[in-house]
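J.: Structure below; questions to follow.
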């Protein structure tokens, strides 16, 4: 038996876990519920309700419109903290704003405007739906060709395939650093280098990477990125997204939604749009302040733990999942749907099983294990190093094995419901 | 002396006010502070902190990702309530989503795509900055001419000027129903009729109208509208905006940001973008749920009070402002910056004064009166009928008269700060 596959071994990993105490920084009202969907919506940080109460009751209730004086640059301040602690970017290169999809649209538009005469956009055919649709829309509107590169749905895009596709006609490449389904992790430095050699810009989606793996935007010479804050960053349901534009590119790029939050001397309300030369030129308008505020205490927890320690634990958690899956689940009809080595993955692991949908539902209803499902046959298991224990992973895999061994899931209807 | 200008008369108006009890539906921790900036950020409804606690602690904290099952169509449910109680639209014609600026961009783009061969966009030169900038951007990107119609900054756009400008080449008209500065109220039915006769669509911005004046989108045959929820609807700082598309137009219009929340069978995550035929095709992505949730209890207060009663009181409040301004402030150098008749205005009233900036600051710091300032010389006074008392308006005008009479504001620096 491999190391780590007994429950005692999982207990030893918990005992040795330098991040173990961070679990107390989250609200966990039902300790028996094992939550392995931090890749979709991270848990509620313990400090968040109080901060929100403060913002709502003191900020909005007492301060009223005067509070905007302290709120108006909160997205920029959060951006600088994300830049320093999570994204490896420089001050003034990141800002929190809008949704990931809207930010992708804004930055892709800006990059395409800056690459006239090139007719192709490259992406991974397996990328997240909204990324595929946003780029389809932009390509259709501009008469460009959207080339969706075939990639291994369980292993990610191969650098060779990308290299072969990078030609004179390519205007932009859009890639997710960590695949939403397989968890496959690309080599950002290598991809940026390839693209730079071809004179092409890369727009990264960091949604499934940020807060789970170290990101080095500046050191790898990344040009553009977007991502969400509600997964491993625990910003709350639908919390606003961020965008990154390399400092040197900012003055030359112009996004398509010319809102007043990008305007120089915004409150002079001048007649002509004249965007600031800095990252705020990529802002549009008044941010949804309550959802924005919730990012603040969440980010503090990530900052204190440090992404490198989070990553180290994430790899161990992922290895425990794959070892137990190999040992217990392979005989029950499961197949890996993620790269095998922890260093080639983000923090989540996926498994194929023909009954994945019913198994996922049964785990939630009968076994107090929350993970998620992706069509057509994937079970996605997303431990989040800040609050997931090794023994929780062990217990969840054990309950999963029980459900499938006993066929508990077979009594459920097979049709899908319309949710996450 | 005109009726209503003694404090006793204001007291009588309070006594007779059928909406007086609604003041208790808001958090008012400092009863001496007179808040006349509901046109910028509405007060905190008393029910909102508890609803947010529920959403944060029970929904996010306990329910975790499972709560999305109940959350995912919240924007559509709020949209239907806005349609019925605030906007005079039919079910399935309104949805809450994104920001006003982003929604304006989406609907303006969609409308321009549907008017090929026409090269001019019409707007009011005095419209809110973000509207002007968004349309400048769209015009620049599409090689269209943006024609900014001159209008009376204190009285609004004249129908004759609009009629004269409506030619064969006009692709779209964008107008605010209530002007953010002067409060001038357009006649939606007349404008829609004019535009229909010219074969042109109108995109309305209802930000300063919704919740203050009755809006009849369906009855006036309106095609398109957007607006915000944080002014007279009290949804909270930066709460998400809404958009309206007339039912019959929905299938033929396609917005430019092809996000996955517009996709048919969203969670099947199919390869090609295939938007639903209904209002959700104008959605983009995961909404900022905490900010969205706060709209719910706020809207309930408006629904219960009823927009017609709100409007009736709003006109009386506005008349009290203008009568006192005529009587007390005209001799102190103030001039009206709004239409004179209450039925030609929304709920706010503006005044010109060369020292408006310093007066506004002094009112806040020395006289416990919050109103707002707009460059270069306007003081904007925005009573909100759900919580503003007639005696508050009287007292605020009295304190304003005191400040200017004594020249208290003259000791302040004249330079502007960068806020709302």
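Residue numbers (my numbering), protein chains in the order written: chain A, 304 to 723; chain B, 304 to 723. The beta-carbon is built from N, C-alpha and C at its ideal position, and this holds for glycine as well.
1. May I have the straight-line CA-CA distance separating residue 474 of chain B from residue 586 of chain B, to the nearest angstrom?
2. Quick check on residue 709 of chain B: buried or exposed, where buried means 16 or more other Cβ atoms within 10 Å of its Cβ?
3. Would you list, in chain order, the members of the segment 570-581 of chain B that have their beta-carbon closer than 8 Å to a beta-carbon of chain A?
4. With a threshold of 9 Å between beta-carbons, can residue 690 of chain A be considered close to chain B, or not?
5. Would you call the CB atoms of residue 529 of chain A and residue 515 of chain A closer than 9 Å?
6. Would residue 672 of chain A and residue 339 of chain A qualify as a contact pair, given that the criterion is a beta-carbon distance under 9 Å?
7. I want to see whether chain B comes within less than 9 Å of residue 367 of chain A, judged by CB atoms only; does it?
8. Can you find a CB in chain B that lies within less than 9 Å of the CB of residue 716 of chain A?
9. Three-state secondary structure (DSSP) at residue 507 of chain B?
10. Where do the ends of the alpha helix (DSSP H) carrying residue 668 of chain B lie?
11. Going along the chain, which residues of its own chain have a beta-carbon closer than 7 Å to the beta-carbon of residue 396 of chain B, five neighbours each way excluded?
12. DSSP beta-bridge partners for residue 487 of chain B?
13. Tell me the rounded alpha-carbon separation between residue 402 of chain A and residue 402 of chain B.
14. For residue 351 of chain B, which three-state DSSP category applies?
15. Hey, could you find the ends of the beta strand (DSSP E) residue 530 of chain A is sitting in?
16. Just how far apart, CA to CA, sit residue 480 of chain A and residue 559 of chain A?
17. Pull up the distance between the alpha-carbon of residue 287 of chain B and that of residue 364 of chain B, whole angstroms please.
18. Touch check for the segment 518-528 of chain B and the segment 326-339 of chain B: three-plus C-beta pairs under 8 Å?
19. How would you call residue 322 of chain A, buried or exposed, if buried means at least 16 neighbouring beta carbons within 10 angstroms?
20. Relative to the alpha-carbon of residue 657 of chain B, which residue among B:680, B:638, B:674 and B:643 has its alpha-carbon at the smallest distance?
21. Counting only Cβ-Cβ distances shorter than 9 Å, please list the residues of the segment 593-614 of chain B near chain D, keeping chain order.
22. Report the rounded CA-to-CA distance for residue 417 of chain A versus residue 376 of chain A, giving the unit in angstroms.
23. Excluding sequence positions up to five away, which residues of its chain have a Cβ less than 8 Å from the Cβ of residue 706 of chain B?
24. What are the start and end residues of the alpha helix (DSSP H) that includes residue 407 of chain A?
25. For residue 325 of chain A, tell me which candidate among A:346, A:308, A:342 and A:541 has the shortest Cα-Cα distance.
26. Give me, in chain order, the residues of the same chain whose beta-carbon lies closer than 7 Å to that of residue 566 of chain A; leave out the 5 immediate sequence neighbours on both sides.
27. Alpha carbon to alpha carbon, how far is residue 508 of chain B from residue 624 of chain B?
28. Taking the straight line between their C-alpha atoms, what separation do you get for residue 652 of chain A and residue 430 of chain A?
29. I'd like the span of the alpha helix (DSSP H) that includes residue 384 of chain A, first residue to last.
30. For the segment 668-689 of chain B, list every residue whose C-beta sits within 8 Å of some C-beta in chain A, in sequence order.
31. Just the C-alpha distance for residue 373 of chain B and residue 568 of chain B, rounded to the nearest angstrom, thanks.
32. Should residue 332 of chain B go down as buried or exposed, given a rule of 16 or more other Cβ atoms within 10 Å for buried?
33. Examine chain A for any beta-carbon lying closer than 9 Å to the beta-carbon of residue 531 of chain B, and answer yes or no.
34. Out of A:458, A:467, A:421 and A:622, point me to the one whose CA is closest to residue 445 of chain A's CA.
35. Take residue 618 of chain A and list the residues in its own chain whose beta-carbon comes closer than 6 Å to its own, dropping the five residues that flank it on each side.
T.: Let's see:
1. Per the coordinates, the alpha-carbon of residue 474 of chain B lies some 23 Å from the alpha-carbon of residue 586 of chain B.
2. Counting of Cβ neighbours within 10 angstroms places residue 709 of chain B among the exposed residues, the total staying below 16.
3. With the criterion set as a beta carbon lying under 8 Å from some beta carbon of chain A, the members of the segment 570-581 of chain B are 570, 571, 572, 573, 574, 575 and 576, in sequence order.
4. With 9 Å as the cut-off, residue 690 of chain A does not count as an interface residue toward chain B.
5. No. Outside cutoff.
6. Pairing residue 672 of chain A with residue 339 of chain A gives a Cβ-Cβ distance under 9 Å.
7. With 9 Å as the cut-off, residue 367 of chain A counts as an interface residue toward chain B.
8. Not a single CB atom of chain B sits nearer than 9 Å to the CB of residue 716 of chain A.
9. Per DSSP, reduced to three states, the secondary structure at residue 507 of chain B is strand.
10. Run containing residue 668 of chain B: 659-669, per the alpha helix (DSSP H) assignment.
11. Shown here for residue 396 of chain B: same chain residues with a beta carbon closer than 7 Å to its own, the five before and five after excluded, namely 386, 547, 548, 549, 550 and 582 in chain order.
12. B:648, per the DSSP bridge assignment.
13. For residue 402 of chain A and residue 402 of chain B, the distance between alpha carbons rounds to 10 Å.
14. Residue 351 of chain B: helix per DSSP, three-state reduction.
15. Residues 527-530.
16. When rounded, the separation of the alpha-carbon atoms in residue 480 of chain A and residue 559 of chain A is 25 Å.
17. Residue 287 of chain B cannot be examined here, being either before or after the span of chain B that is shown, 304 to 723.
18. In this structure the segment 518-528 of chain B does not touch the segment 326-339 of chain B; the number of beta carbon pairs closer than 8 Å is below three.
19. Buried, because 16 or more other Cβ atoms sit within 10 Å of the Cβ of residue 322 of chain A.
20. Closest by alpha carbon: B:680.
21. Absent from the structure: chain D. Protein chains present are A and B.
22. If you take the alpha carbons of residue 417 of chain A and residue 376 of chain A, they lie about 28 Å apart.
23. Once the five neighbours on either side are set aside, the close Cβ partners of residue 706 of chain B are 662, 665, 666, 669, 670 and 712.
24. Unbroken alpha helix (DSSP H) run through residue 407 of chain A: 403-416.
25. It is A:346 whose Cα lies nearest to the Cα of residue 325 of chain A.
26. The residues are 576, 577 and 578.
27. Residue 508 of chain B and residue 624 of chain B: Cα-Cα distance of roughly 25 Å.
28. About 16 Å.
29. Boundaries of the alpha helix (DSSP H) harbouring residue 384 of chain A: 377-385, taken from the DSSP string.
30. Hits within the stretch, in order: 673, 675, 677 and 678.
31. Using only the alpha carbons, I get a separation of about 17 Å.
32. It counts as exposed.
33. Proximity of residue 531 of chain B to chain A, defined by a Cβ-Cβ separation below 9 Å, is satisfied.
34. Closest option to residue 445 of chain A, judged by alpha-carbon separation, among A:458, A:467, A:421 and A:622: A:421.
35. A distance below 6 Å between beta-carbons, with the five flanking residues on each side excluded, links residue 618 of chain A to the following residues of its chain, in chain order: 645.
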